[in-house]
Amino acid sequence: MVDLTLIAQHTPLAYLDGGTGSMLLQAGLAGLLTVGYFMKSQWAAVKSIFSRK
Amino acid sequence: MTPYRLSASFRDPSGFVFRRDGTLYRQVNEPYAADLAVLMDGGLHDELVADGLLIASERVSLDLAPEPGAVAVFRPEPVPLVSYPYEWCFGQLKDAALLTLEIARRALARGLVLKDASAYNVQFLRGRPVFIDSLSFEAYREGEPWVAYRQFCGHFLAPLALMAHVDVRLGLLLREHIDGVPLDLAARLLPGSTRLRPGLLMHLHIHGKATRQAATESVRQARISKTALLALLDSLRGAVEGLRWEPTGTQWADYYEATNYSEAAMADKKRLVGEYLRGVGGTCWDLGANTGEFSRLAAAQGFETIAWDMDPAAVERAYRSRAPGVLPLLQDFTNPSPGLGWAGVERDSLAARGPADVVLALALVHHLAIGANVPLPKVADYFAQLGQRAIVEFVPKEDSQVRRLLASRRDVFPTYDRAGFEAAFSPWFEIEASAPVADTARTLYRLTRRAA
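Order-wise, the sequence lines are chains F and P. Numbered according to the working numbering, the first sequence spans residues 27 to 79. Numbered according to the working numbering, the second sequence spans residues 3 to 454.
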């Protein structure tokens, strides 16, 4: 009996084999990278406020 | 003449590149129709072309499609010479990496994502890297991780890190690993101190360990937000930017300071080369070009010039000089780029990408004949494969450079003299002209390939 729910959730096969480890690493790093990125953009905003003065 | 697909264009069901009557085209297939619409109508294509990041393409008639299933046919601007990442100097690979990341960033802003990050998506045009694979974009699906992350690290970050932190010659690992340097290999070769750099720690060291992870079902649940994706791209950009390499300390880095040419000799040689180049046009391959002194001369006379040299520092300096009409590339003529990849033809050998209209072999032949023990007839044979015409400088044994080559070895070259040179080259080339270079014992020859 084919499990139709699995088929429904199945994302289209990617052109490239991204590699399991790489996908999991991305997910793992996502939080850390986002925080870093956010802080960088905040710092850039702070700097631009002062440079306009 | 029947149209044919390019040997490297077979993996992507979205489309392929083909040649018809000498012109290059791209056929776009049905599976790509939706993504193509987003690419074109959403404005990303035009934005990238306008900013010189993506190769310009003109839409042409569907009738030109050689295979069924086409939804569009384009004619991309041709690149004078296809070059491969293992032929690029550090600066070229770094610029190609940054270009790829910039395109990925801009694509995300327009709801598209790069589905691959292969270094083979980049070529050099007018001295700058340009993205050539217009079919690399696909619609971004919220939450999906970047499928090309590992490929980017293998094609770009790993070799660049190895070149910057270990040895610049490691760029040649790309010739062996045509889908990128394995990350665990790169991590193993890099010095431990590179773990202190967050970018290299995350994207190479940890990533290298992660690639050994076997496939599991849980990867389907891997989700990352769009902001996290942008953060990843930015992190990679920072990691690449932080890699630097200065072109000094290699064998040929300071060649032009150390040559035995007087000013008068150099001036005369330039005059002669300029004269011998006259009346011909098209492409010029300067073999052993070093920093491109004579390549620039050829370019100034209208040639589309490739400045080939085996020294990474020389190619780097030539690249940084941004001389118009000159593309510097890495090549060792005693061991030139072979055919690689699938069936050994996916990536063209050096000779398959020629012949050039004219080949310059200045201060080179003695390195091949004496330095590398290649008999002059074999040198002539190979030159005849590389160019329709050749301007060759014969450097005799009296010259101090050849004396240096022979200093620590036996002279086993009885026929290495002007007569021997002319006898060796005559079966392949007609000697149209020759002249001594003032203030030296050298002779410059203007040769034309004989009809086969």
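A virtual CB, placed ideally from N, CA and C, is assigned to each residue, including glycine. Here the structure is a predicted model, which means the values were calculated and not measured.
task: Find out if the Cβ-Cβ distance for the pair A353/P, L299/P is shorter than 8 Å.
output: Along the second sequence, one-based indexing puts residue 353/P at 351. Along the second sequence, one-based indexing puts residue 299/P at 297. Result no, Cβ atoms of A353/P and L299/P do not sit closer than 8 Å.
query: Counting along the chain, where does the alpha helix (DSSP H) carrying T229/P start and finish?
result: Residue 229/P sits at position 227 when you count from the first residue of the second sequence. Unbroken alpha helix (DSSP H) run through T229/P: K228 to E243.
Per-residue burial, L202/P [other beta carbons within 10 Å of its own, 16 or more giving buried]: As a first step, residue 202/P is located in the second sequence; it is residue number 200 there, counting from the start. Burial call: buried.
Buried versus exposed call for V124/P [16 or more other C-beta atoms within 10 Å across all chains shown]: As a position in the second sequence, residue 124/P is number 122, starting the count at 1. V124/P comes out buried.
Helix, strand or coil at V72/F according to DSSP, with G and I counted as helix: Position 46 of the first sequence, counting from 1, holds the residue named residue 72/F. Three-state result, V72/F: helix.
- request: Give the range of the beta strand (DSSP E) segment to which Q29/P is assigned.
  value: Walking along the second sequence from the start, residue 29/P turns up at place 27. First-last of the beta strand (DSSP E) with Q29/P: T25 to N31.
message: Taking the alpha-carbon of L137/P as reference, which of Y263/P, G283/P, H167/P and E32/P has the nearest alpha-carbon?
response: Stepping through the second sequence from its first residue, residue 137/P is reached at position 135. Checked all of Y263/P, G283/P, H167/P and E32/P; the closest Cα to L137/P is E32/P.
- prompt: Run through DSSP, which three-state label would Q390/P get?
  reply: On the second sequence, position 388 is the one that residue 390/P refers to. Q390/P falls in the strand class under three-state DSSP.
field: Which residues DSSP lists as bridging F76/P, in chain order
entry: For the purposes of this step, residue 76/P is taken as the residue at position 74 of the second sequence. DSSP, once it has assigned bridges, lists R28/P and R61/P as partnering F76/P.
- prompt: Q253/P lies in the alpha helix (DSSP H); which residues open and close that run?
  reply: By 1-based counting over the second sequence, the position of residue 253/P is 251. Careful: Q253/P lies outside any alpha helix (DSSP H) and carries neither H nor E.
field: Paired residues, beta bridge with F20/P - DSSP
entry: Here residue 20/P refers to the residue found at position 18 of the second sequence. Partner(s): R7/P and Y27/P.
query: Can you list the residues of chain P that A53/F reaches, using a CB-CB cut of under 7 Å?
result: Looking up residue 53/F in the first sequence gives position 27. The answer, in chain order, is P147, A224, R225 and I226.
message: What ranges does the beta strand (DSSP E) occupy inside the stretch 183-223 of chain P, keeping only unbroken runs of at least 3 residues that lie completely in it?
response: none
- prompt: Cα-Cα, which of L198/P, A453/P and A437/P is closest to K271/P?
  reply: Here the question's residue 271/P lines up with position 269 in the second sequence. Selected option, being the one with the closest Cα: A437/P.
- prompt: Which value, in whole angstroms, describes the spacing of the CA atoms of F335/P and D419/P?
  reply: By 1-based counting over the second sequence, the position of residue 335/P is 333. By 1-based counting over the second sequence, the position of residue 419/P is 417. If you take the alpha carbons of F335/P and D419/P, they lie about 21 Å apart.
message: My assumption, with CB atoms under 8 Å, is that G245/P sits in contact with L332/P. Please give the rounded CB distance.
response: What you label residue 245/P is simply residue 243 of the second sequence in a count that begins at 1. What you label residue 332/P is simply residue 330 of the second sequence in a count that begins at 1. Note that residue 245/P corresponds to Leu in the displayed sequence, not to Gly. With 8 Å as the limit, L245/P and L332/P do not qualify as a contact, their Cβ atoms being about 18 Å apart.
field: Rounded separation between V132/P and E79/P - CA only
entry: Here residue 132/P corresponds to residue number 130 of the second sequence, with the count starting at 1. Here residue 79/P corresponds to residue number 77 of the second sequence, with the count starting at 1. Going by the C-alpha atoms only, they are around 11 Å apart.
Of the residues R197/P, A74/P and M268/P, the one placed nearest A36/P, counting alpha carbons only: As a first step, residue 36/P must be located in the second sequence, where it is residue number 34. That would be A74/P, whose Cα lies nearest to the Cα of A36/P.
task: Spatial neighbours of D383/P within its chain, please: CB distance less than 7 Å, with the 5 preceding and 5 following residues excluded, ordered by chain position.
output: Numbered from 1 along the second sequence, position 381 holds the residue referred to as residue 383/P. Excluding sequence neighbours, D383/P sits near W430.
Nonlocal neighbours in the same chain, by C-beta distance under 8 Å from W287/P, ignoring five residues either side: Translated into positions along the second sequence, residue 287/P becomes position 285. Only T307, I308, W310, G356, A358, V360, V361, L362, L388 and G389 meet the Cβ criterion.
query: Can you pull the DSSP bridge partners for P131/P?
result: Counted from its first residue, the second sequence places residue 131/P at position 129. DSSP output for P131/P lists F126/P as bridge partner(s).
query: Among G156/P, P147/P, L114/P and R143/P, which one has its Cα closest to the Cα of S1/P?
result: Since the first residue of chain P shown is 3 and the last is 454, residue 1/P is not available in this structure.
query: What first and last residue would you give for the beta strand (DSSP E) that runs through S436/P?
result: On the second sequence, position 434 is the one that residue 436/P refers to. F431 to P438 is the span of the beta strand (DSSP E), which, as asked, contains S436/P.
- prompt: Y86/P and R319/P: beta carbons closer than 8 Å?
  reply: By 1-based counting over the second sequence, the position of residue 86/P is 84. By 1-based counting over the second sequence, the position of residue 319/P is 317. No, Cβ-Cβ distance for Y86/P and R319/P is not below 8 Å.
field: Helix, strand or coil at E69/P [DSSP, three-state]
entry: The residue labelled residue 69/P in the question sits at position 67 within the second sequence. In the structure shown, E69/P sits in coil (DSSP, three-state: anything other than H, G, I, E or B).
query: Taking the C-alpha atoms as reference points, what is the distance between S48/F and L103/P?
result: To locate residue 48/F, count along the first sequence from 1; it is residue 22. To locate residue 103/P, count along the second sequence from 1; it is residue 101. In a straight line, the C-alpha of S48/F is about 17 Å away from that of L103/P.
task: Starting from L116/P, follow the beta strand (DSSP E) in both directions and report where the run begins and ends.
output: Position 114 of the second sequence, counted from the start, is the residue given in the question as residue 116/P. Looking at the DSSP string, the run of the beta strand (DSSP E) that includes L116/P is L114 to L116.
- prompt: Which partner residues of I308/P appear in the DSSP bridge assignment?
  reply: By one-based count along the second sequence, residue 308/P stands at place 306. For I308/P, which the question treats as bridged, DSSP gives the partners W287/P and L329/P.
task: Go ahead and pull the three-state DSSP assignment for E146/P.
output: In the second sequence, counting from the first residue as 1, residue 146/P sits at position 144. In this structure, E146/P counts as coil in the three-state DSSP scheme.
query: Cα separation between D401/P and F423/P?
result: Indexing the second sequence from 1 puts residue 401/P at position 399. Indexing the second sequence from 1 puts residue 423/P at position 421. For D401/P and F423/P, the distance between alpha carbons rounds to 15 Å.
task: Could you check which residue in P379/P, G294/P, L8/P and K117/P has the C-alpha nearest to that of R28/P?
output: Here the question's residue 28/P lines up with position 26 in the second sequence. It is L8/P whose Cα lies nearest to the Cα of R28/P.
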